[in-house]
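According to the numbering used here, the stretch in the sequence shown is residues 523 to 808, in order. Positions of the beta carbon are idealized from the N, C-alpha and C atoms, including for glycine. A quick note: this is a predicted structure, and the numbers were derived from the prediction, not measured.
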Amino acid sequence: MPPASPQDASHVGPVDDIDAILSDAERLCRTIAGDDLETVPVYLLPQSRLPVGLATKHHYAFTHPRADLIYREHIPMWRGRGPCAVINDLGIAEDFEVDDHAYVITALVLHELAHMLDRPALFDQQGCDDPNRLKFDAMVLAETSQRAALGGVPAYWGHGPSFLRIAIHLAYRACRAGFAVRPAGVVATSRLGLSPMAGYEETLGDEPRRLRHSSLRQLAVTPPPHAFTRQWRTDLRRFQDQTASNPECPYEHCVVLREDGRDAATASGAETGTLSRTRRGDRLRQ
């Protein structure tokens, strides 16, 4: 593990009421995806609780299939295995207005929830009894979070069609539950080299309404409407036409990225999967 020194946030403090915001966000997750989350705990960990060696300067949020074990000693109320995401409350406090904090954090949580539901399993039990494997995962996360870019990886990597579909359904359900967010507020596809989220939403038609009580994990393995698939393939061809290659990557990138005057950063979580870029202060909207 990297040295456990306190988080350096002398220039900015954590988001006010971060615990209450994350508690509300967890309740929203259970309201809109209760069948999928069942009784397992969901850990939403503010970065302000992590030591510097485990923190990220470049990302608003990230998840990993073994994050609950990697960060277990920093989770105040451990209730057993469950999906876990880290929310960079320090970066959010620095980049967004106070009035936007609850919205931004909740939208980020929905983004990470989409990644959790898009995994083969909510959390990974392979290697969970091997301290060396967990130490390696923590080192990978710490190392990649300190780099400004991960070259050779398509911007959309990890944000595939099943992820986008889940995110649209989550946004629909969140609105019904009282949290007003559009799919573009959950996934900024324009920063992934993909067409606007509204176009993907349109191709699903009334599917989110019809299947509002269905399991999203089961939905993700069923064929989407043909129009949705065509939209994805069109985006993929356009993106590939603009790049010389589309190399395979050993990691999936389940992060939401910051822009802070430098090149847009990327990070990775071992065996997890996604890149989502956000603009400073734009409320995660396209």
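Q) What are the boundary residues of the alpha helix (DSSP H) that includes Thr725? A) On the sequence shown, residue 725 is found 203 positions in, with the first residue counted as 1. Per DSSP, Thr725 belongs to the alpha helix (DSSP H) from Met719 to Leu726.
Q) Could you check where the beta strand (DSSP E) with His581 kicks off and where it finishes? A) Working through the sequence shown from its first residue, we reach residue 581 at position 59. His581 -> beta strand (DSSP E) spans His581 to Thr585.
**Q.** For Ile711, the nearest candidate out of Tyr722, Ala702 and Phe701 (CA to CA)
**A.** For the purposes of this step, residue 711 is identified with residue 189 of the sequence shown, where counting begins at 1. Looking at the sequence provided, one finds Thr at residue 711 rather than Ile. Minimum Cα-Cα distance from Thr711 among the listed residues Tyr722, Ala702 and Phe701 corresponds to Tyr722.
(Q) Taking a contact to mean a Cβ-Cβ separation below 9 Å, would you say Tyr593 touches Val608 in this structure? (A) Start at 1 with the first residue of the sequence shown, and residue 593 comes out as number 71. Start at 1 with the first residue of the sequence shown, and residue 608 comes out as number 86. Yes, Cβ-Cβ distance for Tyr593 and Val608 is below 9 Å.
Q) Where does the unbroken beta strand (DSSP E) through Pro705 begin, and where does it stop? A) Along the sequence shown, one-based indexing puts residue 705 at 183. First-last for Pro705: Pro705 to Val708, but that is the alpha helix (DSSP H), not the beta strand (DSSP E).
Q) Cα separation between Glu548 and Glu724? A) As a first step, residue 548 must be located in the sequence shown, where it is residue number 26. As a first step, residue 724 must be located in the sequence shown, where it is residue number 202. The alpha-carbon separation between Glu548 and Glu724 amounts to approximately 28 Å.
Q. Where does the unbroken beta strand (DSSP E) through Ile609 begin, and where does it stop?
A. Here residue 609 refers to the residue found at position 87 when the sequence shown is read from its first residue. Here the beta strand (DSSP E) through Ile609 covers Cys606 to Ile609.
Q: Report the partner residues of Pro568 according to the DSSP bridge assignment.
A: In the sequence shown, residue 568 corresponds to position 46, counting from 1. Answer by DSSP bridge pairing, in chain order: Ile609.
(Q) To the nearest angstrom, how far is the alpha carbon of Val620 from that of Ala696? (A) Walking along the sequence shown from the start, residue 620 turns up at place 98. Walking along the sequence shown from the start, residue 696 turns up at place 174. Rounded to whole angstroms, Val620 to Ala696 spans 22 Å at the Cα level.
Q | Contact set for Ala643: own chain, Cβ-Cβ below 8 Å, skip 5 residues either direction | A | Within the sequence shown, residue 643 is the residue found at index 121, counting from 1. Hits under 8 Å: Pro587.
Q: Along the alpha helix (DSSP H) that carries Phe685, what are the first and last residues, could you check?
A: Taking the sequence shown and counting its residues from 1, one reaches residue 685 at position 163. Per DSSP, Phe685 belongs to the alpha helix (DSSP H) from Pro683 to Arg698.
Q.
Let me check understanding here. Comparing Cα to Cα, which of Asp538, Gly535, Arg603 and Val709 lies closest to Val562?
A. Within the sequence shown, the letter at position 40 stands for residue 562. If we check each option's Cα against that of Val562, Arg603 comes out closest.
Q. Rounded to whole angstroms, how far is the Cβ of Leu550 from the Cβ of Phe701, which I believe are closer than 8 Å?
A. Counting from one through the sequence shown, the residue named residue 550 turns up at place 28. Counting from one through the sequence shown, the residue named residue 701 turns up at place 179. Right, the Cβ-Cβ distance comes to about 6 Å (below 8 Å), so this counts as a contact.
**Q.** Straight-line gap, Gln648 to Val703 (C-alpha atoms, nearest Å)
**A.** Counting from 1 along the sequence shown, the entry for residue 648 is found at position 126. Counting from 1 along the sequence shown, the entry for residue 703 is found at position 181. Using only the alpha carbons, I get a separation of about 35 Å.
(Q) Using only the alpha-carbon positions, how far apart do Thr744 and Phe685 sit? (A) Residue mapping note: residue 744 aligns to position 222 of the sequence shown, counting from 1. Residue mapping note: residue 685 aligns to position 163 of the sequence shown, counting from 1. Their Cα atoms are separated by approximately 13 Å.
Q) Which residues bound the alpha helix (DSSP H) around Glu595? A) Here residue 595 is taken as the residue at index 73 of the sequence shown, counted from 1. Run containing Glu595: none; DSSP gives neither H nor E here.
Q) Start and end of the alpha helix (DSSP H) containing Gly556? A) For the purposes of this step, residue 556 is identified with residue 34 of the sequence shown, where counting begins at 1. Judged by DSSP secondary structure, Gly556 falls within the alpha helix (DSSP H) whose first and last residues are Ile540 to Leu559.
Q) Does the distance from the CB of Leu630 to the CB of Ala583 come in under 9 Å? A) Counted from its first residue, the sequence shown places residue 630 at position 108. Counted from its first residue, the sequence shown places residue 583 at position 61. Going by C-beta atoms, Leu630 is nearer than 9 Å to Ala583.
Q: Please report how far the alpha carbon of Arg687 lies from the alpha carbon of Ala742, in whole angstroms.
A: Working through the sequence shown from its first residue, we reach residue 687 at position 165. Working through the sequence shown from its first residue, we reach residue 742 at position 220. In a straight line, the C-alpha of Arg687 is about 7 Å away from that of Ala742.
Q) Among the residues of its own chain, which have a CB less than 8 Å from the CB of Asp546, if the five just before and after it don't count? A) Position 24 of the sequence shown, counting from 1, holds the residue named residue 546. The beta carbon of Asp546 sits closer than 8 Å to those of Ala624 and Thr628, all from its chain and outside the five residues before and after it, given in chain order.
Q.
On a Cα-Cα basis, can you pick out the residue from Ala589, Asn610 and Asp557 that is closest to Pro536?
A. Along the sequence shown, one-based indexing puts residue 536 at 14. Closest by alpha carbon: Asn610.
(Q) For a quick check, are the C-beta atoms of Pro705 and Met719 less than 9 Å apart? (A) Along the sequence shown, read from residue 1 onward, the residue named residue 705 stands at position 183. Along the sequence shown, read from residue 1 onward, the residue named residue 719 stands at position 197. Contact: yes.
Q: Name the residue from Phe761, Leu566, Phe658 and Ala699 whose alpha carbon lies nearest to the alpha carbon of Gly715.
A: Locating residue 715 in the sequence shown gives position 193, where the first residue counts as 1. Selected option, being the one with the closest Cα: Phe761.
Q. Between His637 and Thr585, what straight-line distance do the alpha-carbon atoms span, to the nearest angstrom?
A. As a first step, residue 637 must be located in the sequence shown, where it is residue number 115. As a first step, residue 585 must be located in the sequence shown, where it is residue number 63. Computed Cα separation, rounded: 8 Å.
Q) Sorted by chain position, which residues of the same chain lie with C-beta nearer than 6 Å to Tyr694's C-beta, five sequence neighbours on each side aside? A) The residue labelled residue 694 in the question sits at position 172 within the sequence shown. Cβ within range, chain order: Pro730.
Q: Could you have a look at Ile617 and say whether DSSP puts it in helix, strand or coil?
A: In the sequence shown, residue 617 corresponds to position 95, counting from 1. One point to set straight first is that residue 617 is Asp, not Ile, in the sequence displayed. Residue state for Asp617 is assigned as helix, using DSSP reduced to three classes.
Q) So, is Pro746 buried or exposed, given that buried needs 16 or more other C-beta atoms within 10 angstroms? A) Locating residue 746 in the sequence shown gives position 224, where the first residue counts as 1. It counts as buried.
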